[in-house]
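Here is the structure we will look at, set down as structure tokens.
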Amino acid sequence: MKLKLSAKSIFIILIVLIITMLTFNYINRNNQLNSQKIQDIDPSKEGKTVGVNIEQNQPNGEKIKITADLMEENKEEKFIKLINPITEIIKKNNITKITSNYGYIMNNYSKFKLDNNVNIYNIKKKFALKTEMLLGMFDTGDMYTNSPVKIKIRNSKIQGSSLSLKNYGEYIKVFGKAKLTID
148 MKLKLSAKSI FIILIVLIIT MLTFNYINRN NQLNSQKIQD IDPSKEGKTV
198 GVNIEQNQPN GEKIKITADL MEENKEEKFI KLINPITEII KKNNITKITS
248 NYGYIMNNYS KFKLDNNVNI YNIKKKFALK TEMLLGMFDT GDMYTNSPVK
298 IKIRNSKIQG SSLSLKNYGE YIKVFGKAKL TID
């Protein structure tokens with residue numbers, strides 16, 4: 148027995164086959180969507196944010212940008228911990244970068260602490276500061292540390308045992324036994 152198929156019958160078979168495949172895919176997709184359950188948030192991960200990017204524009208035209216790998220927030224104590232934060236202060240196209248391994252925002256978000264390998268640098272002013280820890284206040288811009296510091300301004304290097312910065316670094320005072328080297 149020979150079966151002879153014309154072009155018309157092959158076309159009808161293909162149309163029926165396509166319609167059945169589309170119907171099967173539609174039913175299968177709806178079953179998958181309905182079977183997925185909503186997962187509850189793990190309480191141990193609540194308050195943690197991965198990949199943080201915060202930008203703030205000041206009324207004086209200054210822009211502050213903070214990026215971090217991870218942020219942990221404690222809402223009861225109003226405390227934020229940032230891991231690998233990078234802060235950029237942009238003032239009239241003059242960029243100051245502040246980096247550290249850990250950053251803490253505390254005391255009702257009014258004070259901050261930068262910890263482990265703190266670096267502050269401004270390429271335009273040829274300024275670099277290195278220390279292990281830096282404490283400060285957001286509203287006044289005052290910062291201080293009791294850790295040893297290394298400062299490089301243009302061709303001058305200053306090493307000291309502690310440091311005080313006023314008004315976001317406009318005024319710098321090195322305490323203790325300081326060493327000045329001019330290249």
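Residues 148 to 330, numbered by the working numbering, are exactly what the sequence shown covers, in order.
Glycine included, every Cβ here is placed at the ideal spot set by N, Cα and C.
Remember, it's a predicted structure, so these values are computed and weren't measured experimentally.
Taking the CA atoms as reference points, residue 268 sits about 34 Å from residue 223. The DSSP-derived three-state label of residue 177 is helix.
Each residue's CA atom was taken as its position, placing residue 304 and residue 287 some 27 Å apart. Annotation for residue 198: the continuous beta strand (DSSP E) segment containing it runs 195-204. Distance from residue 214 to residue 230 at the Cβ level is roughly 11 Å; contact not present, criterion being Cβ atoms closer than 8 Å. In this structure, the straight-line span from the alpha carbon of residue 260 to that of residue 254 is close to 11 Å. If you draw a 10 Å sphere on the C-beta of residue 161, you find fewer than 16 other C-beta atoms in it, and that means exposed. In this structure residue 155 is exposed. Its beta-carbon is surrounded by fewer than 16 other beta-carbon atoms within 10 angstroms.
Annotated as proximal: residue 308 and residue 295, with beta-carbon spacing under 7 Å. Its chain contains 218 as the residues whose beta carbon lies nearer than 6 Å to that of residue 196, once the 5 sequence neighbours on both sides are disregarded; these appear in chain order.
Distance between residue 263 and residue 208, taken at the CA atoms: about 30 Å.
With a threshold of 16 other beta carbon atoms within 10 Å, residue 281 meets it and is buried.
In the DSSP assignment, the residues bridged to residue 268 are 244 and 275. By the Cβ-count criterion, residue 276 is buried, with 16 or more other Cβ atoms from all chains shown falling within 10 Å of its own Cβ. Residue 246 sits close to residue 266, with the two beta carbons spaced by under 7 Å. For the pair residue 290 and residue 258, the CB atoms are not nearer than the 7 Å cut-off.
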